[in-house]
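Heads up: the structure comes next, in structure tokens.
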Amino acid sequence: MHFATKKVIIYIRSGGLDGPPVKIVSIYITGFYVKKALNRAAKEILVSAGLRRTGGRVEILEVLQQAKMPLNQEEIQAQLDRDLNRTTVYRTLESFIQAGLVHRCFVRERAWHYELAHNCRPLQCHPHFTCTNCDRTLCLKDVFLPLVKDIPDGFIIQRQQVRIEGLCPNCS
């Protein structure tokens, strides 16, 4: 029996947001073993980030691994198999942010959305594209924009996020 594989590279930072980048390679196997492969990858990522491997953390990380776009807390909670309360999900997401596994972005509906940090840097996240027709928000993980440098005196950049609006390939 042959299963096609897809290799995904996830970058995290050891020691939180200021630590050096650490590369972890996760292999997702299509077909019957997807859940098992996601579970194994999630556990490895948590251990590498210095976080305990609780069932809730593993499952939330699996949801984010499978997400094709940033998700808000309610969307994450709706995809969980176990019944975790809102506070637990929120605290788990915050611990992922502190560990550099996940970042939050403000993309739509006036709510924070969460996604894996991928190859984002502490000061700069990859750009997001929001379609003005279908309202989908997509990650542009392979697009790198320079960090803004010429800002007035007295301002300190804590994080740069870019949202591009227009028509996605399906709507154009």
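The opening position of the sequence shown corresponds to residue 8 in our numbering, with each subsequent residue numbered one higher.
Virtual Cβ for every residue (Gly too), placed ideally from N, Cα, C.
Being a predicted model, the structure only gives us computed values, none of them experimental.
Could you have a look at residue i and say whether DSSP puts it in helix, strand or coil?
{"i": "Ser-33", "result": "At Ser-33, the pLDDT of 47 sits below 50, so the modelled position is not reliable; the number obtained from the coordinates is stated separately. If DSSP states are grouped into helix, strand and coil, Ser-33 belongs with the strands."}
{"i": "Pro-159", "result": "coil"}
{"i": "Phe-39", "result": "For Phe-39, the predicted structure reports a pLDDT of 48, less than 50, and the residue's modelled location is therefore unreliable. A value from the coordinates is still provided. Three-state result, Phe-39: coil."}
{"i": "Asn-79", "result": "strand"}
{"i": "Arg-93", "result": "helix"}
{"i": "Phe-151", "result": "coil"}
{"i": "Asn-177", "result": "coil"}
{"i": "Ile-164", "result": "coil"}
Have a look at the options and flag the residue whose alpha-carbon is nearest the alpha-carbon of residue i.
{"i": "Glu-122", "options": "Cys-178, Asp-142, Ser-179 and Val-109", "result": "Val-109"}
{"i": "Trp-119", "options": "Gln-80, Arg-89 and Cys-175", "result": "Gln-80"}
{"i": "Ala-56", "options": "Leu-147, Ala-106 and Ile-67", "result": "Ala-106"}
{"i": "Gln-167", "options": "Leu-174, Cys-175, Gly-173 and Ile-158", "result": "Ile-158"}
{"i": "Glu-101", "options": "Asp-88, Arg-64 and Met-76", "result": "Arg-64"}
{"i": "Leu-91", "options": "Gly-161, Met-76, Gly-62 and Asn-46", "result": "Gly-62"}
{"i": "Val-150", "options": "Ile-171, Arg-143 and Gly-161", "result": "Ile-171"}
{"i": "Phe-136", "options": "Arg-59, Ile-164, Leu-58 and Pro-77", "result": "Pro-77"}
{"i": "Phe-103", "options": "Glu-82, Arg-59, Lys-75 and Arg-117", "result": "Arg-59"}
Going by the beta-carbon positions, is the gap between residue i and residue j smaller than 8 Å?
{"i": "Leu-154", "j": "Pro-134", "result": "no"}
{"i": "Ala-49", "j": "Gln-72", "result": "yes"}
{"i": "Cys-112", "j": "Cys-132", "result": "yes"}
{"i": "Cys-146", "j": "Asn-177", "result": "no"}
{"i": "Gln-84", "j": "Val-96", "result": "yes"}
{"i": "Glu-66", "j": "Arg-89", "result": "yes"}
Buried or exposed: residue i, going by 16 or more other Cβ atoms within 10 Å of its Cβ?
{"i": "Thr-99", "result": "buried"}
{"i": "Leu-53", "result": "buried"}
In the DSSP assignment, what are the bridge partners of residue i?
{"i": "Phe-136", "result": "Leu-145 and Ile-171"}
{"i": "Glu-122", "result": "His-110"}
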